[in-house]
Amino acid sequence: MKICVYCASSALIDQSFFKATEEMTIDLLNNGVDFVFGGGSTGLMGHLADTVLNHGGKIKGIMPNFMNDVEWGHKMVTDFEYVDTMHERKAKFLLNIDGLIALPGGSGTLEELLEAITLKRLGILNVPIVILNTNNYYDPLKLMLERCVSEKFMNEKHTEMWTFVNEPKEVWPAINNAKVWENYSINFARNEFHPK
Ligand code: AMP
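Residue numbers 63 to 258, in our numbering, belong to the letters of the sequence shown in order.
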């Protein structure tokens with residue numbers, strides 16, 4: 063199984079975020095998961111890669127050339143793909159993966175996560191999306207998404223696209239128990255609020 067992880071570049075965050083990242087990563091490694099990530103050396107990205115490599119796992123970084131030019135890439139990761147733009151990178155993240163995980167992060171992580179949710183809503187992406195809500199960091203996003211539904215910007219059914227979990231150990235079961243999304247394609251996205 064190959065899983066893409068979106069996560070923070072910041073190294074200034076609380077240690078508990080690093081601990082949760084490590085716990086989750088070891089659990090996924092024990093279940094035979096290979097990883098794809100942004101290739102960064104700092105913050106949760108760096109810690110994710112360190113943990114995978116220290117346990118003999120596989121991880122691939124996908125990074126735009128301009129980040130590589132300023133040496134943002136993780137030095138120990140050998141499997142790297144360099145692309146021209148951030149958009150190309152985001153598209154590559156989603157190729158041939160079996161699941162997506164968002165760990166806590168800043169605007170980069172939020173952007174990647176919300177794009178993946180949008181693509182899933184349109185039926186372009188079907189994989190499970192699991193959000194690790196360490197320290198309730200993602201509570202405001204959860205509320206925002208619920209608000210999208212309560213105000214009818216999205217349908218109740220769309221909440222099946224993602225799973226919020228609080229503990230690192232819950233991530234692997236959430237990936238495996240995610241609701242199958244294949245049936246809710248572009249037609250559902252278009253018709254739900256525009257009945258003839
Ligand atoms: P952020 O959550 O704002 O720190 O952004 C992290 C996400 O954006 C990662 O999943 C990466 O894909 C991308 N990104 C942002 N900053 C970096 C960086 N310094 N090195 C590599 N990727 C980065």
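A virtual CB, placed ideally from N, CA and C, is assigned to each residue, including glycine. Owing to the predicted nature of the structure, the values given are computational and were not obtained by experimental measurement.
Check: Residues around ligand 1, please: the condition is that the C-beta lies closer than 5 Å to some non-hydrogen atom of it.; Outcome: Y68, A70, S71, G100, G102, W134, G167, G168, S169, G170 and T171
Check: Nearest to G123 by alpha carbon, out of T113, S103, G168 and L74?; Outcome: S103
Check: Pull up the DSSP beta-bridge partners for M125, would you.; Outcome: Y144
Check: Quick check on this structure: which residue in E222, M216 and P190 has the alpha carbon closest to the alpha carbon of V67?; Outcome: P190
Check: Taking just the CA atoms, how far does K214 sit from M138?; Outcome: 46 Å
Check: Starting from the Cα of T113, find the closest Cα among N92, Y200 and D76 and give me that residue.; Outcome: N92
Check: Buried or exposed, going by whether 16 or more other CB atoms sit within 10 Å of the CB of I193?; Outcome: buried
Check: Mapping DSSP to helix, strand and coil, what is W134?; Outcome: coil
Check: Per the DSSP calculation, K64 is bridged to which residue(s)?; Outcome: D96
Check: Tell me the rounded alpha-carbon separation between L205 and N197.; Outcome: 15 Å
Check: Apply the 10 Å Cβ neighbour rule to A73 and answer buried if 16 or more other Cβ atoms are within range, or exposed otherwise.; Outcome: exposed
Check: Give the secondary structure of W243 by DSSP, where H, G and I count as helix, E and B as strand, and everything else as coil.; Outcome: coil
Check: Buried or exposed for K258, going by 16 or more other Cβ atoms inside 10 Å?; Outcome: Low confidence applies here, because K258 scores a pLDDT of 40, under 50, leaving its location unreliable; read the following figure in that light. So K258 counts as exposed.
Check: Could you compute how far the alpha carbon of F155 sits from the alpha carbon of E143?; Outcome: 10 Å
Check: Can you say whether Q77 is buried or exposed, counting buried as having 16 or more other CB atoms within 10 angstroms of its CB?; Outcome: exposed
Check: Which two residues bound the contiguous alpha helix (DSSP H) that contains T225?; Outcome: Counting along the chain, T225 falls outside any alpha helix (DSSP H), though it belongs to the beta strand (DSSP E) covering W224 to V227.
Check: Return helix, strand or coil for L162, following the three-state DSSP convention.; Outcome: strand
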